[in-house]
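Engineer: Supplied in structure tokens, the structure appears directly below.
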């Protein structure tokens, strides 16, 4: 990923890799959750199977009462074993998270 990129300040695209411990088939139908700086669940969408796992139509997490309006897409998720590489594009993320 571009070291100058910040998904918290722009509507941008990023790529990150994470070992979830689960296979692609085990992740299908599970929620992809976006957290705010305090750790609260701010947005979510279900991972669905297409050519690769995909999550779109992000909405506020049920019961979330904060000021964030998370929108975006997780697309072209590639799995090798239990490690996933996520391509993401979001708006409305918590700017307090910009430093990591």
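In the numbering used here, the protein residues as written are 24 to 123.
Where is the CB? At the ideal position from N, CA and C, for every residue including glycine.
Keep in mind that this is a model prediction, so the values were computed, not measured.
How would you label residue 41, buried or exposed, when you count the other beta carbons within 10 angstroms and need 16 or more for buried?
Structural biologist: Here residue 41 refers to the residue found at position 18 of the chain shown. Looking at its Cβ environment, which holds fewer than 16 other Cβ atoms inside 10 Å, residue 41 is exposed.
Engineer: Which parts of the stretch 30–116 are runs of the beta strand (DSSP E), unbroken and 3 residues or longer, counting only runs that do not cross its ends?
Structural biologist: Listed in chain order, they are 35–42, 54–58, 64–69, 76–78, 94–103, 106–114.
Engineer: Excluding five sequence neighbours on each side, which residues of the same chain lie with their C-beta closer than 7 Å to the C-beta of residue 60?
Structural biologist: For this step, residue 60 is matched to residue 37 along the chain shown. Here the set comprises 117, 119, 120.
Engineer: Tell me whether residue 38 is buried or exposed, calling it buried when 16 or more other Cβ atoms sit within 10 Å of its Cβ.
Structural biologist: Your numbering for residue 38 matches position 15 in the chain shown. It is exposed - the Cβ of residue 38 has fewer than 16 other Cβ atoms within 10 Å.
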